[in-house]
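J.: For the sequence shown, position 52 (counting from the first letter as 1) is numbered 77 according to the working numbering, and the numbering increases by one without interruption.
For each residue, glycine too, the CB sits at the ideal point set by N, CA and C.
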Amino acid sequence: MTDGPKIIAMVQLPPLMHGAAKMNQFAIEALAKDFDLHVIEMCFARTLSDLNRFSLRKVGLALWLLMRLIWALPRVNALYISFAPTGFAYYRDCLYVLVARMFRVPAALHLHGRGLPSMRRSKWAELFQQLVFKDQTVILLGESLRSEIAGLNCKSTIIRNCLSDEAFHTPPTKPWTPYAPVRLLWLSNLFHAKGIETLLTACAILRARDIGFTLTIAGAAGDISDADLDVMLGRYQLKTATTCLGSVSESQKRSAFENSDLFIFPSHYANEAQPLVVLETMAANVPVITSNIATLPEFVRDGETGQLCSPKDPEGLANAIIEAINSPAETTKMCDAAYRMCQEDFSNARFANRLTGLFHSILEQD
């Protein structure tokens, strides 16, 4: 904390671990170096499966945080909020931004997901959203997300996600060569929309084509429980080929990367924006095969830094896995290019400089 301008940060932080929470931690660490930062932690969910569920407890907590915000606003210069684009949390965050406007405190709304267009489908909903966003600053994760704020009279800037320095493993020094059987890795919290069933179906196709593989599944339960996952593996006859790790620590994640040949992430999640796990995989020198949705094609450039597939297309996914196995030289080039890109475009220092620079600009204009 410094003696500089005062900023309120309303964010969700770990230990509940998902990409947005991790990025929020990076954000407050960066802002605290340049500003007098007051953090109001938005800890509404106790578990991952609780994230999108409405409850009276959440309403009460939202009102309590509103009181804390109103108490603090007369003494601050700006608001930074990790803004929820959908659901109950959207209306909650709209309220916080509108209250900040009442106190003439400018806000920066950091969008870690998609969904704003779905919240302005009626005339009144569109007018409400325009009121909330008018003259505020929106932080987007990539150019492909411009449609999120189409028609809103707000300022915007692109600040991509970032990686910690520890995320970068030793630079690649030898050609990529897959094990036999090839080692596939799934590393994400277990939600249906993240594409786990697409992967399991693709694995069944691989088996039918006599492609040997092992599958490691790492991630905490979301709307898929451990029991649900066990049933799914039985349905696809993949139990003997699969190791389930559950929730993993940073050291366990590192070990999972080191013991895999291909990372598979066929997400079709409607709110997907810029999944941090894909960047972490690239920084760990593991080739990536993922969906062509959200900002993913901006940094997983098909055939250059990874491979892209259509969501919910297990046949296409299986073909991409086979192509990677059969083209080790090309897979090596993609893996090396992805590592260099992460170093250049997704460093923690670059993220911190962009974020603090944005707030210096906002405060100068105020």
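One question on the structure: do G29 and D59 come within less than 9 Å of each other, judged by their Cβ atoms?
T.: yes
J.: Roughly how far, in whole angstroms, is the beta-carbon of L62 from the beta-carbon of I184, given that I think they are within contact range, below 8 Å?
T.: In fact, because the Cβ distance is near 17 Å, the residues do not count as touching under 8 Å.
J.: Which residues in the same chain have their Cβ closer than 8 Å to the Cβ of G341, if we skip the five residues on either side of it in sequence?
T.: C334 and S335
J.: Roughly how many angstroms separate the alpha carbons of N317 and P99, rounded to a whole number?
T.: 45 Å
J.: Please classify D251: does DSSP put it in a helix, a strand, or coil?
T.: helix
J.: Is the separation between the beta-carbon of C360 and that of F193 shorter than 9 Å?
T.: Contact flag unset, no.
J.: Measure from the alpha carbon of E275 to the alpha carbon of each residue in L188, A229, E323 and V122, then state which is nearest.
T.: L188
J.: The beta strand (DSSP E) spanning E66 covers which residue range?
T.: From DSSP, the beta strand (DSSP E) with E66 extends over D61 to E66.
J.: For I350, report the span of its beta strand (DSSP E) as first-last.
T.: Segment P339 to N351 is the alpha helix (DSSP H) holding I350; no beta strand (DSSP E) there.
J.: Looking only at its own chain, which residues have a Cβ that is under 7 Å from the Cβ of F371, when we skip the five neighbours before and after it?
T.: Here the set comprises R185, N186, C187, L188 and L304.
J.: List the endpoints of the continuous beta strand (DSSP E) containing T265.
T.: No beta strand (DSSP E) holds T265; DSSP gives it neither H nor E.
J.: Does DSSP put W96 in a helix, a strand or coil?
T.: helix
J.: Classify P39 as buried or exposed, calling it buried when 16 or more other Cβ atoms lie within 10 Å of its own Cβ.
T.: exposed
J.: Just to confirm before moving on: does the CB-CB distance between G331 and V302 stay below 9 Å?
T.: In this structure, G331 lies away from V302, with their beta-carbon atoms at least 9 Å apart.
J.: Output the boundary residues of the beta strand (DSSP E) element that contains V207.
T.: Run containing V207: V207 to L212, per the beta strand (DSSP E) assignment.
J.: Considering only DSSP beta bridges, list what C334 is partnered with.
T.: S316
J.: Check each candidate in A252, K219 and L210 and name the one with the smallest Cα separation from Q299.
T.: The shortest Cα separation from Q299 among A252, K219 and L210 belongs to K219.
J.: When the Cα of V256 is compared with those of N351, A87, I221 and N284, which residue comes out closest?
T.: Looking at the Cα atoms, I221 is the closest of the given residues.
J.: Decide if T223 is buried, meaning its Cβ has at least 16 other Cβ atoms within 10 Å, or exposed.
T.: buried
J.: What do you reckon, is the C-beta of L188 under 8 Å from a heavy atom of the ligand PLP?
T.: Here there are no bound small molecules, and the ligand PLP is not part of this structure.
J.: Identify the residues that DSSP records as bridge partners of F108: which are they?
T.: L136
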